[in-house]
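Below you'll find the structure, written out as structure tokens, and then a few comments.
Number of protein chains: 4
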Amino acid sequence: MSRIPVTILGATGVVGQKFVRRLKDHPLFEIRHLAASDRSAGKTYAEACAWRLDEPSYGGLGDLVLRGANPGEAPAPVVFSALDSGPAKEIEPLYAAAGSWVFSNASAFRMEPDVPLLVPEANAEHIALAKTQQATRGFKGAIVCNPNCTATVLVMGLAPLHQAFGIEKVFMTSMQAISGAGYPGVPALDIVGNVIPFIRSEEEKVEEETPKMLGTFASGTVTPAPFAISALCHRVPVVEGHSEAVSVALRGNPTPEAVIEALKSWRGDPRVTTLPSAPPVPIRLHSAENRPQVRLDVERDGGMSVHIGRVRRCGLLGIKFALLGHNTERGAAGASVLNAELAHAMGYIG
Amino acid sequence: MSRIPVTILGATGVVGQKFVRRLKDHPLFEIRHLAASDRSAGKTYAEACAWRLDEPSYGGLGDLVLRGANPGEAPAPVVFSALDSGPAKEIEPLYAAAGSWVFSNASAFRMEPDVPLLVPEANAEHIALAKTQQATRGFKGAIVCNPNCTATVLVMGLAPLHQAFGIEKVFMTSMQAISGAGYPGVPALDIVGNVIPFIRSEEEKVEEETPKMLGTFASGTVTPAPFAISALCHRVPVVEGHSEAVSVALRGNPTPEAVIEALKSWRGDPRVTTLPSAPPVPIRLHSAENRPQVRLDVERDGGMSVHIGRVRRCGLLGIKFALLGHNTERGAAGASVLNAELAHAMGYIG
Amino acid sequence: MSRIPVTILGATGVVGQKFVRRLKDHPLFEIRHLAASDRSAGKTYAEACAWRLDEPSYGGLGDLVLRGANPGEAPAPVVFSALDSGPAKEIEPLYAAAGSWVFSNASAFRMEPDVPLLVPEANAEHIALAKTQQATRGFKGAIVCNPNCTATVLVMGLAPLHQAFGIEKVFMTSMQAISGAGYPGVPALDIVGNVIPFIRSEEEKVEEETPKMLGTFASGTVTPAPFAISALCHRVPVVEGHSEAVSVALRGNPTPEAVIEALKSWRGDPRVTTLPSAPPVPIRLHSAENRPQVRLDVERDGGMSVHIGRVRRCGLLGIKFALLGHNTERGAAGASVLNAELAHAMGYIG
Amino acid sequence: MSRIPVTILGATGVVGQKFVRRLKDHPLFEIRHLAASDRSAGKTYAEACAWRLDEPSYGGLGDLVLRGANPGEAPAPVVFSALDSGPAKEIEPLYAAAGSWVFSNASAFRMEPDVPLLVPEANAEHIALAKTQQATRGFKGAIVCNPNCTATVLVMGLAPLHQAFGIEKVFMTSMQAISGAGYPGVPALDIVGNVIPFIRSEEEKVEEETPKMLGTFASGTVTPAPFAISALCHRVPVVEGHSEAVSVALRGNPTPEAVIEALKSWRGDPRVTTLPSAPPVPIRLHSAENRPQVRLDVERDGGMSVHIGRVRRCGLLGIKFALLGHNTERGAAGASVLNAELAHAMGYIG
């Protein structure tokens, strides 16, 4: 069976390279075009950037000539976008208008009311927003977003609790990896031996994207979940993986044991379980008192599962726990690919 | 005027060395004895341990012969204790019974109802608990404790808000330095490139010590402050300095501007301001959006001030901010010395 | 075909765990016993230690009851030893006398003239020393050592040059990972943000083991290679992987191009190429001007290949280059397993 | 007595800020102008950059308006240059021609035969090259350079040995701090948990600057010292301070004891000892087997002394030792200021 051709927008950056690695041998998708800024278009992939991942270099596509990032030069029915927010705002609608399904890691359209913001295990049904989007905007294709990396990990941890109990309040303090800032990103002089209590716009993104993702889809719109949320975001000298300290108020004030049971038994949306990029289980629950730990745990399952440990009583909200997830896999490239696989499984593309 | 002789218990450890450095040229106190475990007693200070601080080595006392840690072998009217909790439980009362004022960094007696748990700028009046202690226990001297390092920093940040508004709820997520675990302490294999979401007993200490410190002293006892508190503690790969992400519910729900003003104008207990180890101001308020940062800020004022920045709205409790303090100076050796200076200024010793 | 039963000595430590991971699904060997100190014997593997590697925990052997480390309690025809040098000195000969082939990571017997010190790609023929050993010591089995981790990596880089040109002088400055010191090993307070220009006995080991390994086997003995060597060893804040800066004087003073060609074409001893743990190529040659880099390259090929880059003129010795290898895989557990595979392939065991 | 007015070129960068900090209360010099690129000129110092050092911010000069970097807009008899090499090549001669003495940290003119490349303790007499320079180039002032940071530290360690014995060969492997690359400099993603075996042009600079500095001045020219040298440079995750592993062949092959004695007794050029920025002793000799260590030792003496330890036999060249120095103090800003103090003491300026 032939695979669906895809274009990767922003293929030269850190997330773009992760798209290439994930898609070079994908069972459903086949890389047709790598696209980049006008500055890089016309160069080979190997000339245009330094490959930053493991072997094989450039996913074996070092000789592919980069195209311009537009539907005329690099058309495909499915597009993965690792563009920055500015270019994404302009380019992604051109593709959607031209009929492509755009799976975007950019923040540009995440909070648009007609754009699905997906964590498939948690809210696969939100993908139906794409129909609203096509109706409203006259797109033949659609734009489907994955959330901010910190919010993605948080939603993975919250979804089973929201489904089992209902969330009333959420507190989240993050300790985020440097890879989240892209490349060159954070100067070493800023972060070696340091903690930076500020990441621009990060707290706002977490606080607005999370309720949207855990919201209810009905009649073509998503009503955000009505819980209060506060995020406090930090950068720490860790290469990959966001650690999050989470406290939640849950309806009915369940015991830690009940919470552990809800997390342990959760498998997420059944349409997701068998997708090629889905992890064996969405949540890895740790029983050791000092786990999960980012350096030891975050690469498991190709970074697609999240990790929870230390579920315990919180004197303020009822339950607190340690949460961990992979910011550039589950929180970026892997997320978009999983979204596309979901869209395919649900008959939207292909 | 002659200085008061002091004994340092546990002089060979990290905190013990910091006591030596702080006391070798102190205007009020003069090191008379360095005391250590029986294993080390009889050796010179230089033989018994490796000096881990800057020059001069061993505070110039490398040739001093270590004494046994008991009032018979190493008597002094003022004692600074860097003992571990186990030995402290046994040895500190012997000194207090024999008439010494023991300023202890150990956790052994912190939560005893008749033992002052001091952060002098915040609760200098609690020192009067020593009289209750003397009456109850028949001590001629007394035991005065400084709190857990994380709790110390937190109380410094909360005290002005408790005094100005009244605290109703506190959320605190810490990112703590490796020096807090002593030496050898945390194995490098555990923490390099990592975040560990667990420090044994740390959350419990913060949650019980903080309300005691911010409690009310009357009629010989301290009534803990009645606020709810939740602490989530982490180890991060930072050498010195604890970063804390704090959210508070304050009575009357003041604006960030009002909170900033309360922090800025706070000078702490006036009896503390002129003590030799007191910092110029107890709180350094930062206006840069990404400060305080532990590597850049924590050594200021000899580590005796704490740092606050990013005072902003919290969607859950009302106010959140970034807090930073020095765990082995303000949170350990410097704290005990400041306590002793306070006791001296208030006429308890000397 | 049935696999050969093996005992792992010192199974609870860092290297012991790596033995377990490498051997749990090995095509030739089957774990029969895990052995540990008397303190741990009788406990299950899971009770006796904390598993520090990735999943599955304890290699799936968490319920196996540990045996005492002696041929009576934990016999097997093949033994892998992750013992410390002291116990190794006593226990390994007991096994060899009892008929076991002991593949040891310990330093105890490395420099004994009748003990093979193997890097199979470089000196497979040295294994014949085992016959001398059996004759001399009356062993029915034998002790076969792998070298110090730093020396292993160095020999991998030097062997092709020694074979192609002949080495006259070697300069090696190492920047070594913290994992090389075991667990708990290096205290974080010592190494975070630091470089330590001293590792006990390391320079001596490199300087004496390297000439033995590159020496000539004839008439039942090994004559060390006659080159002069100087090693300068450092610990740096890296988790896994030793970086080495190497300069060599080669006979005939070849050009960098000739050296690169010699490295690139080298495949090592042909008897090694097809062994289960052998890497696809022994040396990965990098052309990027800033590679190899330990964090990016060291895990390739399961850590069994070494990496070389920046081959260039040295104003002093003629040629200098950057060398990198995995200290706990190629330099420890993987090395011993490869030695055993070689012994099996050459008909010594099984 | 009135102080000599100075201009700081490139005041907004890391080294520029260190110039400001060193000169704001200097006994001989008084900051008259801060100069920067045209883009920054006209802004206040506080507007034009973020202060990256300790308090007081901007050396108290945050309100000073930046001038253009040329003798017309920012004239002064003494100029300190923290310019990049490109602008330095153009701007520094303009100042020298206009009569200023330019003390430059840039690499642009270091290897010009008529430009003094000073490490004052080692080669103060080279400053007389300035007269050759004035004669050749028609300058009324002069350009005086300090060397590359790595070379500076190396020359401090080699000078006493060259004077006592004569150096024949030098091997130097560096482990360099990230601050050496300026700001933003090295991306955190490149260096956290890593070692990079390449720093552009660094090995070449060390290999050509070192012999010039240790060369002989006579008849208006410097004849480079005739020893062979090889440098292997690495970046490691350390914030400040370059560690260097050094081996030397010395004439007469002295013992380690004789070398230690030569290092211990060396005080450097007597004209330097009393300069305001000179350290108490130029070399701090360590006896502990694992010192010097960059995190513990490099800030001593304001970073102006260098540290040596582990002097021992080298099997190849005769003597090897561990060397350490502060790359942005002794290797940059402090070096230029010390050069200017020397020029003043020798009557060249003021």
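Protein chains in written order, with the numbering used here: chain A, 10 to 359; chain B, 10 to 359; chain C, 10 to 359; chain D, 10 to 359. Where is the CB? At the ideal position from N, CA and C, for every residue including glycine. If you're wondering where the values come from, they're calculated on a predicted model, not measured in any experiment.
Start and end residues, beta strand (DSSP E) containing residue i
i       : result
H243(C) : A237 to R244
M165(B) : Run containing M165(B): none in the beta strand (DSSP E); it sits in the alpha helix (DSSP H), C158 to A173.
P14(A)  : I13 to L18
M184(B) : I176 to Q185
A44(D)  : F38 to A45
R321(D) : V315 to C323
CB of residue i within 8 Å of CB of residue j, strictly
i       : j       : result
Q185(A) : R244(A) : yes
A137(A) : F207(A) : no
R319(A) : F330(A) : yes
K178(D) : V257(D) : yes
L126(B) : R119(B) : yes
S90(A)  : S66(A)  : no
S109(B) : G150(B) : yes
A115(D) : A97(D)  : yes
G324(D) : E216(C) : yes
L294(D) : K273(D) : yes
A254(A) : P169(A) : no
L37(C)  : P285(C) : yes
V303(C) : V204(D) : yes
Boundaries (first-last residue) of the alpha helix (DSSP H) holding residue i
i       : result
L347(C) : G343 to A354
Q55(C)  : The question names Gln, yet the displayed sequence has Ala at residue 55(C). Residues Y54 to A57.
G334(C) : Looking at the DSSP string, G334(C) is not in any alpha helix (DSSP H); the run it does join, the beta strand (DSSP E), is G327 to G334.
E253(B) : It is not in any alpha helix (DSSP H) - E253(B) instead sits in the beta strand (DSSP E) that spans H251 to L259.
T230(B) : Note, T230(B): premise wrong, no alpha helix (DSSP H); beta strand (DSSP E) at T230 to T232.
F207(C) : Where F207(C) is concerned, there is no enclosing alpha helix (DSSP H), given that its DSSP letter is neither H nor E.
R304(C) : V303 to D306
Amino acids of chain C, ordered along the chain, whose beta-carbon sits closer than 8 Å to that of residue i
i       : result
D199(A) : Neighbours of D199(A) on chain C: none; closest Cβ ~14 Å, over 8 Å.
E338(A) : Those within 8 Å of E338(A) in chain C number zero; the least Cβ separation is about 16 Å.
I238(D) : G324 and L325
T182(D) : T182, L241 and A254
Which listed residue (the options) has its alpha carbon closest to that of residue i
i       : options                              : result
G229(C) : V195(C), Q142(C) and L170(C)         : Q142(C)
S239(C) : G68(D), P122(D), L138(D) and F180(D) : F180(D)
Y192(C) : I13(C), S11(C) and G19(C)            : G19(C)
L163(C) : P96(C), G334(C) and D199(C)          : G334(C)
M222(B) : G71(B), L325(B) and E134(B)          : E134(B)
P246(C) : R48(B), G68(B), A197(B) and A139(B)  : A197(B)
Under 7 Å from the C-beta of residue i: neighbouring residues of chain C
i       : result
N114(D) : Simply none; closest approach about 24 Å.
E64(A)  : R309
E213(D) : Simply none; closest approach about 10 Å.
7 Å Cβ cut-off: residues of chain B touching residue i
i       : result
V303(A) : N203 and V204
Contacts of residue i in chain B (Cβ-Cβ under 8 Å)
i       : result
Y192(C) : P196 and L198
K178(A) : L325
Partners in chain A for residue i, counting only beta-carbon separations shorter than 7 Å
i       : result
S188(D) : L198
F207(B) : E298, N299 and R319
Under 9 Å by beta carbon: chain D residues contacting residue i
i       : result
V247(C) : G202, N203, V204, V245 and P246
Contact list for residue i against chain A, beta-carbon separation under 8 Å
i       : result
V329(B) : Looking at the sequence shown, residue 329(B) is not Val but Lys. Chain A residues near K329(B): S239 and L241.
Amino acids of chain B, ordered along the chain, whose beta-carbon sits closer than 9 Å to that of residue i
i       : result
V216(A) : Note on identity: in this sequence residue 216(A) is Glu, with Val being the wrong assignment. Chain B residues near E216(A): G324.
Worksheet entry | Continuous alpha helix (DSSP H) assignments of at least 4 residues falling wholly in the region 69-141 of chain A | 94-106 and 129-132
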